[in-house]
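So for the sequence shown, this note's numbering puts the first residue at 10; every next one is plus one. First up is the structure itself, then whatever we jot down about it.
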Amino acid sequence: MDTLAKRALRRIGSKMVQGQLDVPCIALQLLSSVGKFDFPTERLRVQWQRRQVNVLEELLLFSASHECNMSETLRIVLSKLKNTEDWVVSVPDGRIEVLTIIERYNTRLSTASKKFGLKGETYHWTQSYHFNSRLYEKLLSSVFDILEDGQLVEEADEILETMKLTWPILGITQKLHDALYAWVLFQKFAQTREILLLKQTDLQIQKLQLHNNVREAELYMDSFVCSVEGFGSNGALNLVDSALLKINMWCRRQLKNYHLYFSQANCSIFESMLNLVLLSAANLNDDDEESMLIGTPPGSSAESTLIHILVVRSIQAAYKHALIVADGQSKAEFKHPLILLASELKLLVEKECSAFSPVLHKYYPEAGRVALTVFHLLYGQQLELFLEGTDHSENLKEILGASNSFELCIAQKLYSMYGEAAGSSLSNFLKPYMIDRFSSSIILQWLHAQHENVLEWTKRTIEIEDWEPLSVHRKLATSMVEVFRIVEETIDQFFNSSLPLDIVHLRSLLIGITSSLQVYLLHMENQQVSRATLLPVAPVLTRYAESVNPFARRKPIEPAVREEKVANKLKNLTVPQLCVKLNTLQYIRDQLDTIEEGIKQSWVDVQSAVGLLDYLSYMASEGATSKSSPSDESIDELFTIFDDVRRTAVNITDTILNFIGTRAVFWDMRDSLLFSLYRTSVESARMEIFIPTIEQVLDQVCDLIVDVLRDRVVLRVFQACMDSFGSYLMEVHPAHFWRQM
């Protein structure tokens, strides 16, 4: 077919020395030059012939029936040519006659007066513009690589240059070419999403803006009337404006929901498409602004107004989608939709600020503020409806936390974009949620409940504590580890609630922690017995006591019998158990320091959040003074409540250290010590005899005490042993004591 077409066109070129070539002439020449035997099958010949007749029918009959009274004759001839499959062979003369009739008719149309007086203008330029433009689109499509979708062939520029040869035939001007080429490129982009095609479309539309046609050329363009539907109404535009409108409408549909169609990965397409919309938006009105949630600031340019509309519409569309997603997930995850909606919107805010706002800011500096304000306003409306219709929802705490977290996200993004700059008219649409009005009492109630739980857990764990080491490496009480675990969980829940906190809440938290630890320490203290209960009664014969009257009658000394309760306590106050208690007391002091440091660091984050909420209120009130936050000095004063716990732990530690030495001498060594003091001679009751036993006690202490306490505890225990031993000898017989020393 390519060979046949070229052969026919060469014949046309040899004949058309004078006159203007048009599409009907080409179709007629093809019909007269190609015979039946040029086709491999009859079916192909019929298809090809009907295609040529359809072209003639479109160009000569439908376009020009009102121009000439020969239309009925032409219709009969074309019908015969279209429906008689064997006329070419059976009636050769008839074939020439039919083609001659059609050629004369086309010549008559071609000689009709020109409408616009353009050079080379023909009848078919204006009457067949719809066919010519479609045909030129098909020709322009040859610049695309058929093997690599969405790419231009390397010879694209040469192909476009060659296509200029068709302009006199099809009535194409430079402006029409730029418009049609932009339309072809954009259609291909819509299919492939290849950004190179979008940039080429952008370039063609920029060329269109530079055209400054003469009046005749403009009238010629305006004669190509297209019926279009856009922005809610029908109208008629010329071919160029119609193509631009179609491109603009397609892009706007995506840009009005850019969160759905674009992401960080294809942000370059978003920017190119936005630029394309701004280029093709001249003289195009959009009535969307009348129903805007947030109106454009006064004095905004047309470009700013358009971007404002795109931002608001896109966020509204994204919000509706997030609302549907949250509602669906709430049924599956058994969470309130507002909690899930806040999470979805935070993701959208992050996407907005990282991907879209930097691009939009180039054209409209207030784009980021508009987006964040709309997000804040839409969620606020939903939250307000919930708060007005609820009394005591079981999810209220979580909902308020999610709402406050979302508002903090909005405030942080606003501050990072615009800093302290105020005065924007958009600030009037910022309405802080004031979560603290609802959350303050909820937090206090929660803290009170948590304190009761921790206190109950503390009492239960210490009652069953056997004071055995937790493990070989952690030589402390299991109960204390559990108490601090639940305390730390309470602290984490307190600061992770995402609710606005103040100094009243912090004070309540610290009081609860202190109360639980004091109860634990009080129980440890009550488990101790007095050292005096361990001191043995001095023997009657060797008892020494000063008296004013040496001849006075002495009362017999009745031996003291320990109470059963004290004896039971002593059974649970072995040296290993006392060492575990010492380790536990040190653990309390260390953990208390760690908790205090962690709470102070978390409180810094809380103050940052308070500052962001104050900033939001400051912006909403256009610069009104915000409330001041508590000073560091007042916060430090709150933590002095921990000093009472530390002092109590230190006092109990001293008590236990003294008790260990006394117990070792007068309980664990009572038989060997007391019996040896009064047997045989004095030389057999020297201190050296008891040193190995004391060393055994000290070795046991070394094995059980943690490293940080070992040296100090061993020294104190040894000192307590010596003091107990010496004080007893001093009481029983001073002379014997000095001989021992």
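Built from N, CA and C at the ideal position, the CB exists for glycine as well.
Unbroken alpha helix (DSSP H) run spanning residue i, endpoints
i: A331; result: 311-342
i: Y132; result: 132-136
i: V476; result: What sits at residue 476 in the sequence shown is Trp, not Val. Careful: W476 lies outside any alpha helix (DSSP H) and carries neither H nor E.
i: L230; result: In the sequence as displayed, the identity of residue 230 is Met instead of Leu. Looking at the DSSP string, the run of the alpha helix (DSSP H) that includes M230 is 224-231.
i: E497; result: 487-505
i: Q595; result: 584-629
i: R60; result: 51-65
i: R378; result: 376-397
i: F46; result: That residue, F46, is in no alpha helix (DSSP H); it is neither H nor E in DSSP.
i: M282; result: 276-288
i: D511; result: D511 -> no alpha helix (DSSP H), and no H or E assigned at all.
i: Y373; result: Looking at the DSSP string, Y373 is not in any alpha helix (DSSP H), and its letter there is neither H nor E.
i: T182; result: No alpha helix (DSSP H) holds T182; DSSP gives it neither H nor E.
i: G410; result: 405-427
i: A351; result: 346-360
i: G670; result: 650-672
i: K208; result: 204-219
i: R84; result: 80-92
i: F442; result: Sequence inspection shows Tyr at residue 442; the Phe mentioned does not correspond to that position. Taken as a continuous stretch (DSSP letters only), Y442 belongs to no alpha helix (DSSP H), as it is neither H nor E.
Whole-Å CB distance - residue i paired with residue j, under 8 Å assumed
i: L108; j: S42; result: Not quite, the Cβ-Cβ distance comes to about 11 Å (not below 8 Å), so this is no contact.
i: T657; j: L530; result: 5 Å
i: V384; j: L354; result: Per the sequence presented here, residue 384 reads as Phe, with Val not at that position. Yes, F384 and L354 are in contact; Cβ-Cβ is about 6 Å, under 8 Å.
i: I316; j: A376; result: 6 Å
i: Y121; j: Y114; result: A small correction: the amino acid at residue 121 is Ala; Tyr does not occupy that position in the sequence shown. About 12 Å; that fails the 8 Å criterion.
i: R672; j: L582; result: 7 Å
i: I597; j: L526; result: 7 Å
i: A326; j: L357; result: That belief does not hold up - the Cβ atoms of A326 and L357 are roughly 11 Å apart, past 8 Å.
i: L68; j: L87; result: Wrong, their Cβ atoms sit about 11 Å apart, outside the cutoff.
i: L283; j: L264; result: 6 Å
i: K173; j: L217; result: Wrong, their Cβ atoms sit about 17 Å apart, outside the cutoff.
i: A411; j: S352; result: 7 Å
i: F365; j: E225; result: At roughly 45 Å, the Cβ-Cβ gap does not stay under 8 Å, so F365 and E225 are not in contact.
i: E289; j: I178; result: According to the sequence shown, residue 289 is Ser rather than Glu. With 8 Å as the limit, S289 and I178 do not qualify as a contact, their Cβ atoms being about 29 Å apart.
For residue i, the residue or residues it bridges with in DSSP
i: C711; result: BP columns for C711 are empty, so no partner.
i: M236; result: For the record, residue 236 in the displayed sequence is Ser; it is not Met. Answer by DSSP bridge pairing, in chain order: A245.
i: P161; result: Contrary to the premise, residue 161 reads as Leu rather than Pro in this sequence. L161 pairs with F153.
Span separating the alpha-carbon of residue i from that of residue j
i: G398; j: L409; result: 14 Å
i: P49; j: C276; result: 53 Å
i: E167; j: L30; result: 23 Å
i: H514; j: L453; result: 6 Å
i: P306; j: S524; result: 57 Å
i: D187; j: S137; result: 19 Å
i: F12; j: H370; result: This sequence places Thr at residue 12; Phe is not what is there. Those two C-alpha atoms are separated by around 57 Å.
i: H268; j: E312; result: 20 Å
i: C34; j: V152; result: 26 Å
i: Q459; j: S434; result: 45 Å
i: A17; j: K89; result: 23 Å
i: K440; j: A420; result: 12 Å
i: Y388; j: F438; result: 13 Å
i: S232; j: H139; result: 11 Å
i: R516; j: F447; result: 19 Å
i: L254; j: I155; result: 28 Å
i: I644; j: K329; result: 44 Å
i: E203; j: V32; result: 34 Å
i: H532; j: K406; result: 35 Å
i: L248; j: L228; result: 12 Å
i: V368; j: H220; result: 29 Å
i: S611; j: W192; result: 58 Å
i: K15; j: W176; result: 19 Å
i: S506; j: E491; result: 22 Å
i: I21; j: N257; result: 42 Å
i: E146; j: S630; result: 57 Å
i: F754; j: N243; result: Only positions 10 to 750 of the chain appear in the structure, and residue 754 is not among them; the question remains open.
i: L246; j: C235; result: 5 Å
i: N667; j: K609; result: 36 Å
i: N462; j: L519; result: 15 Å
Any chain B beta carbon closer than 8 Å to residue i
i: L386; result: Protein chain content of the structure displayed is limited to a single chain, and chain B is not contained in it.
Handout entry: the segment 156-163 / the segment 194-210 touching (three or more Cβ pairs under 8 Å)
Key = yes
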